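Accompanying notes for the structure given below.
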Amino acid sequence: MAQSTDSRDENTSENHFFYHSSWPARWSHPEFTDSHTERYKRWSQQPWFKDDNRSAVQLVSLADDEGWPWGFFIYRTVYTPESDQVWSACLEKIDRYIHWEIDQVDGDRYAGAEDHGFPERLVHEGYKNVILEDKQRWDGALIEQIREDFKNLIASRGGGIGEVVPRYTVCLVIDQHSLDSIMNTFEEPAESQCGGGPRKGFITMVDPMFVPGFEGYFGFMRVEIDRLWWLTVELCSSSSMRDICPEVQPGKIPVYNADLGYADDDPSWTGPRLVTPMTHREYVDSQRRDAAMNGSYHET
6 MAQSTDSRDE NTSENHFFYH SSWPARWSHP EFTDSHTERY KRWSQQPWFK
56 DDNRSAVQLV SLADDEGWPW GFFIYRTVYT PESDQVWSAC LEKIDRYIHW
106 EIDQVDGDRY AGAEDHGFPE RLVHEGYKNV ILEDKQRWDG ALIEQIREDF
156 KNLIASRGGG IGEVVPRYTV CLVIDQHSLD SIMNTFEEPA ESQCGGGPRK
206 GFITMVDPMF VPGFEGYFGF MRVEIDRLWW LTVELCSSSS MRDICPEVQP
256 GKIPVYNADL GYADDDPSWT GPRLVTPMTH REYVDSQRRD AAMNGSYHET
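Everything in the sequence shown is counted per our numbering, starting at 6 for the first residue and increasing by one.
In structure tokens, the structure reads:
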């Protein structure tokens, strides 16, 4: 898929819902036929709208017209023949994990709600990413280039960083390491919660607002793909990426897992390694040991 133009006039539909010219059709939904004001008034009269603790409500209540459909800009930076063969499957797996997490993140607290999962259904049906592919431009691109290109993309659409969560707040990058991890992880998200087997797949997230000077924060992190929805919820709650990114030493890559996080070794780092990197398996084992010592560990 070639990179398309970034003109806001070309990519925004008449009703001001988000649109990108790489999409085959404009997004529409039967719940979004009236104005934002009328829609907000209609929804705000419903009991579910007042539940600020409900994950789906946090996005639904925040997003205006430009926030629908919600999703991410995803940059592809690997263009090998092997990656071409699995690229579609990779994107499908990311979608599958996000849809799974939307249904799982609040457990069964709303299983018997009178709204029959209305806000969750809106979040499912209003999810759509923009995939940015251009081999000449982004093959092997570094984080710094992606960050600048993302900032320019937002500006070209007349938007501001952070105005729309998550699309103008952070961007995602699939490089060779991310692609391998996603393709090697479990096909079904529920299997990844049971422990054992391959590590969880991850995707790189980039903060467009990053400026050097914050100890332990380098403006990017890996995000386990079964935590992308919860991360979106956190961003809806006025958290910045810096607030939720695990702090790490130089030479390590922070990994967000909706908990304390952990660190991966950065294969591109050439400087001294101040602390031995904690691998994912070491992290899991240490969590189990600590929980067992406290008498709180149970197999799931």
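Even for Gly, the Cβ is constructed at its ideal location relative to N, Cα and C.
Bear in mind that the values here come from a model prediction, so they are computed numbers and not experimental data.
Check, Outcome
"Given a cut-off of 9 angstroms on the beta-carbon distance, is the pair aspartate 100 and asparagine 58 in contact?", "no"
"Short of 7 angstroms in beta carbon distance, which residues of its chain neighbour threonine 281, apart from the five on each side in sequence? Order them along the chain.", "With a pLDDT of 48 at threonine 281, under the threshold of 50, the modelled position of this residue cannot be trusted, and the question is left open."
"Within 10 angstroms of its Cβ, does alanine 195 collect 16 or more other Cβ (buried), or is it exposed?", "exposed"
"Looking at the unbroken alpha helix (DSSP H) that takes in lysine 205, where does it start and where does it end?", "Premise fails: lysine 205 is in no alpha helix (DSSP H) and is neither H nor E."
"For valine 238, I'd like the list of residues in its chain whose CB is within less than 6 angstroms of its CB, leaving aside the five on either flank, ordered along the chain.", "Ser60 and Gln63"
"Could you tell me if the beta carbon of cysteine 250 falls within a distance shorter than 8 angstroms of some heavy atom in the ligand ZN?", "This structure lacks the ligand ZN, and indeed carries no ligand of any kind."
"Using the Cβ count rule (16 or more neighbours within 10 Å means buried), how would you classify alanine 68?", "buried"
"Does the separation of the CB atoms of alanine 160 and tryptophan 53 fall below 9 angstroms?", "no"
"What's the call for glutamate 71, buried or exposed, on a 16-neighbour Cβ count within 10 Å?", "buried"
"On a Cα-Cα basis, can you pick out the residue from Lys46, Trp75 and Arg142 that is closest to glycine 131?", "Trp75"
"Does leucine 137 come out as helix, strand or coil in the three-state DSSP assignment?", "strand"
"Does the distance from the CB of phenylalanine 78 to the CB of phenylalanine 22 come in under 9 angstroms?", "no"
"Who are the Cβ neighbours of valine 260 in its own chain at under 8 angstroms, not counting the five residues just before and after it?", "Phe207, Met226, Arg227, Val228, Glu229, Pro251, Gly266, Tyr267, Ala268, Asp269 and His285"
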